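Student: The numbers in the numbering used here rise by one with no breaks, and the one at position 151 of the sequence shown is 773. We put the beta carbon where it would ideally sit given N, CA and C, even for glycine. What you are looking at is a predicted structure, and each value in this text was computed from that prediction instead of being measured. Once you've had a glance at the structure underneath, I'll fire off some questions.
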Amino acid sequence: MFFKEVLYSIILVCMLILWSCEDKQPTSSEDEFVVGEIDFNYIRKDSSLFISARVYNSLGSEYIDSVFFHLAILEQDTSYEKQILFGTLNDNGTDGDIIRGDGTYSRKFSKMFLEDGTYELTVWAEDARGKVTEKVSTTKRVFENLPPGLSLLRAPESFEKGDTLIFEVKAEDPQGLNDILSVRYIIELPTGEVTSDPSWALRDDGKCGDMVAGDGIFTVHQPSNRESKLQGLFIFYFFAEDKQGAHSDTIEAPVKCPGVTIISPNGGECVKHGDTLNIRWESAYIEKLKIEISTDGYSYSVIDTTDASAGQYLWAVPSLAGISETCKIRLSDIYLFSRCDVSDGYFKIGSCP
């Protein structure tokens, strides 16, 4: 009886030990240690190489001891490879690693002068227990980068102030559409000033007016300012940049904007009865202008029509014009009234200092 009790006790202790070990050691389904997606990118412009790999350990990232890589160039028959680089990757936010602790182990190398050819990257990892993952490999061609090319598919010849301008540009890249980083534009104003904005980019994502995502046709819907004082020739310059930093040739699209802008009287002036008021303006792509005056700031009466190219009109202020401090001039295209401008501020007819 005594020996049976001792035997049962020994068995119970062993079972408790086994259960304790099972609690500490993950099952095979839980114990996962793998290298996931890997990639490398070479930018010939600055001779930089970036290598990255996703590594996962079910016990936690703190168990990952080292992540190794080697990069080799393959000979043409791929039966022989020449090692170019060997080392380790990190996830601590240094040496080119972008985000610390995100599970992506990476490293950036400068002044790497890689010749044209096919390269193979191999990555594997080892954890704190000495367990080693399977090796994961990927290949990529490295060759001289050629810049993208652009062609203009759609552009308006002219627009009215307040219109939305639609442009479509076809972009191609010898390395493929995925190599195109952006298609952008700048605008030369009628004044000769060149203006740009970081948000001025065309889209190929099927959104905001782009019809088909990823078809190489980049689109932009550019609104114009209805209250703009500029008219004349606007020149849109389009260019593309690829991921290696190479730029396409620039293509241009000149677009006309008809309009008129009053120079004077534009607020603060004063004229007496019998004086001559010099009405001056700037205009573009307009033939005939209607000149009107308001003495109450609301209702207008016609003074005359004239050639827009004249740039000025001398108006003899009649003695019956009355006295007013709320006068304004309005100029408009006789064929399209929306092409008009009104004095920004009031001028005075009557007694002047």
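Give the C-beta separation of SER905 and ILE915 to the nearest angstrom, bearing in mind that I take them to be a contact with Cβ-Cβ under 8 Å.
Tutor: About 18 Å separates the two Cβ atoms, so there is no contact after all.
Student: Checking the sheet assignment: what are the DSSP bridge partners for GLU748?
Tutor: GLU748 pairs with SER688, VAL754.
Student: Please state if the CB of GLY972 and the CB of ILE945 are separated by a distance shorter than 8 Å.
Tutor: Against a cut-off of 8 Å, the Cβ pair of GLY972 and ILE945 comes out as a contact.
Student: As a quick exercise: from CYS879, LYS878, PHE861, pick the residue whose alpha carbon is nearest that of ASP871.
Tutor: The shortest Cα separation from ASP871 among CYS879, LYS878, PHE861 belongs to PHE861.
Student: Enumerate in chain order the residues of its own chain whose CB-to-CB distance from VAL964 is below 6 Å, with the five nearest sequence positions on each side excluded.
Tutor: Contacts found: LYS950, ARG952.
Student: Drop a sphere of 10 angstroms on the beta-carbon of ILE686, count the other beta-carbons inside from all chains shown, and report buried for 16 or more, exposed for fewer.
Tutor: By the 10 Å Cβ count, ILE686 comes out buried.
Student: Using a 10 Å radius around the Cβ and a threshold of 16 neighbouring Cβ atoms, would you call LEU743 buried or exposed?
Tutor: So LEU743 counts as buried.
Student: Could you please give me the residues that DSSP links to TRP937 through a beta bridge?
Tutor: LEU899.
Student: Need the endpoints of the beta strand (DSSP E) that ALA868 sits in, please.
Tutor: Unbroken run through ALA868: none, as it is neither H nor E.
Student: Residues bridged to LYS910 by DSSP?
Tutor: LYS910 pairs with ASP929.
Student: Among the residues of its own chain, which have a CB less than 6 Å from the CB of PHE735, if the five just before and after it don't count?
Tutor: Taken in chain order, the residues that qualify are SER669.
Student: Look up ALA835 in the DSSP assignment and say whether it is helix, strand or coil.
Tutor: It is coil, neither helix nor strand.
Student: Where DSSP assigns a beta bridge to THR841, which residues make up the other side?
Tutor: In the DSSP output, where bridge partners are listed per residue, THR841 has GLU790, ARG825.
Student: Residues bridged to PRO876 by DSSP?
Tutor: Bridge partners of PRO876: ILE857.
Student: Taking just the CA atoms, how far does LYS910 sit from TYR957?
Tutor: Each residue's Cα considered, the two are about 8 Å apart.
Student: Tell me whether GLU947 is buried or exposed, calling it buried when 16 or more other Cβ atoms sit within 10 Å of its Cβ.
Tutor: Exposed.
Student: Alpha carbon to alpha carbon, what distance is there between LEU811 and TRP903?
Tutor: About 18 Å.
Student: From which residue to which residue does the beta strand (DSSP E) around GLN705 run?
Tutor: Residues 703–711.
Student: Leaving out five residues on either side along the sequence, give the residues of the same chain with a beta carbon under 6 Å from the beta carbon of LEU787.
Tutor: Taken in chain order, the residues that qualify are PRO778, PHE781, GLN844.
Student: With C-beta atoms as the reference, is ALA747 less than 8 Å away from VAL689?
Tutor: Yes. Within cutoff.
Student: Under 8 Å between the Cβ atoms of PHE858 and CYS879?
Tutor: Cβ distance not < 8 Å, so PHE858 and CYS879 don't count as in contact.
Student: Suppose the cutoff is 6 Å on Cβ atoms and the five residues either side in sequence are ignored; what does the same chain contact list for ASN767 look like?
Tutor: Taken in chain order, the residues that qualify are ARG666, GLN866, ALA868.
Student: Go to ALA675, then tell me how far its beta strand (DSSP E) extends in each direction, as first and last residue.
Tutor: Start and end: 670–679.
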